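Peer 1: Have a look at this one.
Numbering (the numbering used here), first residue to last: 83 to 220.
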């Protein structure tokens, strides 16, 4: 599988984008809101590398990056998942589950990534990964 992006949990997506731009990163997707997951998302790239910034929209409700606000470390961001592209989510999930991964979310469209289907899995040795189904043009 090919790495699609590195997920980076942040407290403020716009501030993270601004900080990365100084380092030569280019915005490839402006901040957008995924209300169903209670997150704001933006993408930046530098050569072949892509980073997805994710922040909680409304702290009154849960989100996939709630842990950041509860973390006992200084700073405003932390890389927390790798996303891999695959041809067929169902087949890849089944294969990974046979090797120790556990599906922890339902397959759902990701508005920030052209509504391509994504799913998250957990492995006790490496943590969280995301799978994204390869688009028609990939």
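Glycine residues also receive a C-beta, built at the ideal position from the N, C-alpha and C atoms.
Here the structure is a predicted model, which is why all the values come from computation and not from measurement.
If distances are taken between C-alpha atoms only, which option among 192, 181 and 162 comes closest to residue 211?
Peer 2: Your numbering for residue 211 matches position 129 in the chain shown. The residue with the shortest Cα to Cα distance from residue 211 is 162.
Peer 1: Can you tell which of 206, 118, 102 and 214 has its C-alpha closest to the C-alpha of residue 200?
Peer 2: Position 118 of the chain shown holds residue 200. That would be 214, whose Cα lies nearest to the Cα of residue 200.
Peer 1: In the DSSP assignment, find the unbroken alpha helix (DSSP H) run with residue 100 in it and report its ends.
Peer 2: Working through the chain shown from its first residue, we reach residue 100 at position 18. That run of the alpha helix (DSSP H) goes 95-104.
Peer 1: According to DSSP, is residue 302 part of a helix, a strand, or is it coil?
Peer 2: Since the first residue shown for the chain is 83 and the last is 220, residue 302 is missing from the structure and cannot be characterised.
Peer 1: Between the beta-carbon of residue 125 and the beta-carbon of residue 87, is there less than 8 Å?
Peer 2: The sequence position of residue 125 within the chain shown is 43, counting from 1. The sequence position of residue 87 within the chain shown is 5, counting from 1. In this structure, residue 125 lies near residue 87, with their beta-carbon atoms less than 8 Å apart.
Peer 1: Determine, using beta carbons only, whether residue 127 and residue 107 come nearer to each other than 8 Å.
Peer 2: Along the chain shown, one-based indexing puts residue 127 at 45. Along the chain shown, one-based indexing puts residue 107 at 25. It is a contact, given that the beta carbons lie within the stated cut-off.
Peer 1: Based on Cα-Cα distance, which residue from 185, 198, 175 and 90 lies nearest to residue 132?
Peer 2: Looking up residue 132 in the chain shown gives position 50. Looking at 185, 198, 175 and 90, the one whose alpha-carbon comes closest to that of residue 132 is 90.
Peer 1: In the structure shown, what three-state DSSP assignment does residue 164 receive?
Peer 2: The count along the chain shown starts at 1 and reaches residue 164 at position 82. If DSSP states are grouped into helix, strand and coil, residue 164 belongs with the strands.
Peer 1: Specify the secondary structure class of residue 138 as computed by DSSP and reduced to three states.
Peer 2: As a first step, residue 138 is located in the chain shown; it is residue number 56 there, counting from the start. Correct three-state label for residue 138: strand.
Peer 1: Using a Cβ cut-off of 8 Å (strictly closer), state whether residue 181 contacts chain D.
Peer 2: Note that chain D does not occur in the displayed structure, where there is just one protein chain.
Peer 1: When the Cα of residue 187 is compared with those of 109, 145, 115 and 202, which residue comes out closest?
Peer 2: Stepping through the chain shown from its first residue, residue 187 is reached at position 105. Closest option to residue 187, Cα to Cα, is 202.
Peer 1: Determine the closest residue to residue 101 out of 165, 167, 135 and 118, with distance taken between C-alpha atoms.
Peer 2: As a first step, residue 101 must be located in the chain shown, where it is residue number 19. Of the listed residues, the one whose Cα sits closest to residue 101 is 135.
Peer 1: Measuring alpha carbon to alpha carbon, tell me which residue in 209, 194 and 198 is nearest residue 116.
Peer 2: Residue mapping note: residue 116 aligns to position 34 of the chain shown, counting from 1. Just measuring C-alpha positions, the residue of 209, 194 and 198 sitting nearest residue 116 is 194.
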